[in-house]
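**Q** Residue numbers (this note's numbering), protein chains in the order written: chain A, 246 to 356; chain B, 16 to 131.
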């Protein structure tokens, strides 16, 4: 079993839809949870960053962490074609070490 | 631009040649990370530095790979005797510190290596 699992997609949605992206993980030492967006042939760009369990909202993006289920989610409201990219979850332990990415979910938002 | 920069952006080389990539982190960041990413996969951790000290190396980092950060600022990643399996995007990231809330990693644009 991989440390971090993520549905690779591709996921296609119409413009304006609510998008739900998810990751599961196995290492209970992970405390920091991040979502990155990566456009083709570019480096990952940090979108959301949360510590431990709970929700965090930033504009159209909401990140949720459920440590009891080892499950994290990213919701995108009112999705736009410019949101089309690969979304990577990432997580690490309390010491900023053991930084692990999921394989990424490829999202296409169709106009 | 005060972000992470990487050079070159693209490198094409023949199998068996040596290549070297450079990463310039965000200036006040003391942690620097190297990752490798292949198509359809997330970045895989290779190594990281705290200032000039290399603190951790992944098993992915074979003897042909060496990384340095001599003055705690920029870093270089060298691959000796390249193989076709080394073809990938090599990403560099930096963070302010590894503790508490200051350890968000900011990524550079990557160096895409193609080994023929």
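We treat Cβ as the ideally placed atom computed from N, Cα and C, and that holds for glycine.
1. Determine which residues of the region 288 to 315 of chain A have a Cβ less than 9 Å from any Cβ of chain B, and write them out in chain order.
2. By DSSP, does residue 99(B) sit in helix, in strand, or in coil?
3. Ignoring anything shorter than 3 residues or poking outside the region 293 to 322 of chain A, list the beta strand (DSSP E) runs there in chain order.
4. At 8 Å on the CB atoms, spell out the chain B contacts of residue 349(A), in chain order.
5. DSSP beta-bridge partners for residue 328(A)?
6. Just curious, the beta strand (DSSP E) that residue 41(B) is in, first and last residue?
7. Using CA atoms only, rank isn't needed, just tell me which of 352(A), 336(A) and 351(A) is closest to residue 345(A).
8. Across the region 75 to 89 of chain B and the region 21 to 29 of chain B, are there enough close Cβ pairs to call them in contact, namely three or more that are closer than 8 Å?
9. I need the straight-line Cα distance from residue 11(B) to residue 283(A), nearest angstrom please.
10. So, helix, strand or coil for residue 91(B), using DSSP?
11. Between the alpha carbons of residue 314(A) and residue 251(A), how many angstroms are there, rounded?
12. Excluding the 5 residues flanking residue 305(A) on each side, which residues of the same chain have their C-beta closer than 7 Å to its C-beta?
13. Counting only beta-carbon separations shorter than 8 Å, does residue 121(B) have a partner in chain A?
14. Could one say the Cβ of residue 89(B) lies closer than 8 Å to chain A's Cβ atoms, at least one of them?
15. Residues of the region 312 to 340 of chain A in Cβ contact with chain B at a cutoff of 7 Å, in chain order, please.
16. Against chain A, does residue 124(B) count as a neighbour if the rule is that its beta carbon must be under 8 Å from one of theirs?
**A** According to the structure data:
1. 288, 289, 290, 291, 294 and 296
2. helix
3. Runs of the beta strand (DSSP E) inside the region 293 to 322 of chain A: 299 to 303, 306 to 311 and 316 to 321.
4. Ordered by position in chain B, the residues that pass the 8 Å Cβ test against residue 349(A) are 55, 56 and 57.
5. According to DSSP, residue 328(A) bridges with nothing at all.
6. Per DSSP, residue 41(B) belongs to no beta strand (DSSP E) and is neither H nor E.
7. Cα-wise, what sits closest to residue 345(A) is 336(A).
8. Taking 8 Å as the limit for Cβ pairs, the verdict is that the region 21 to 29 of chain B does not touch the region 75 to 89 of chain B.
9. Summary: the structure shown does not reach residue 11(B), with chain B confined to residues 16 through 131, and so no result is reported for it.
10. strand
11. 15 Å
12. Taking C-beta separations shorter than 7 Å and ignoring five residues to either side along the sequence, the partners of residue 305(A) in its chain run 321, 322 and 323, following chain order.
13. With 8 Å as the cut-off, residue 121(B) counts as an interface residue toward chain A.
14. no
15. 333 and 340
16. yes
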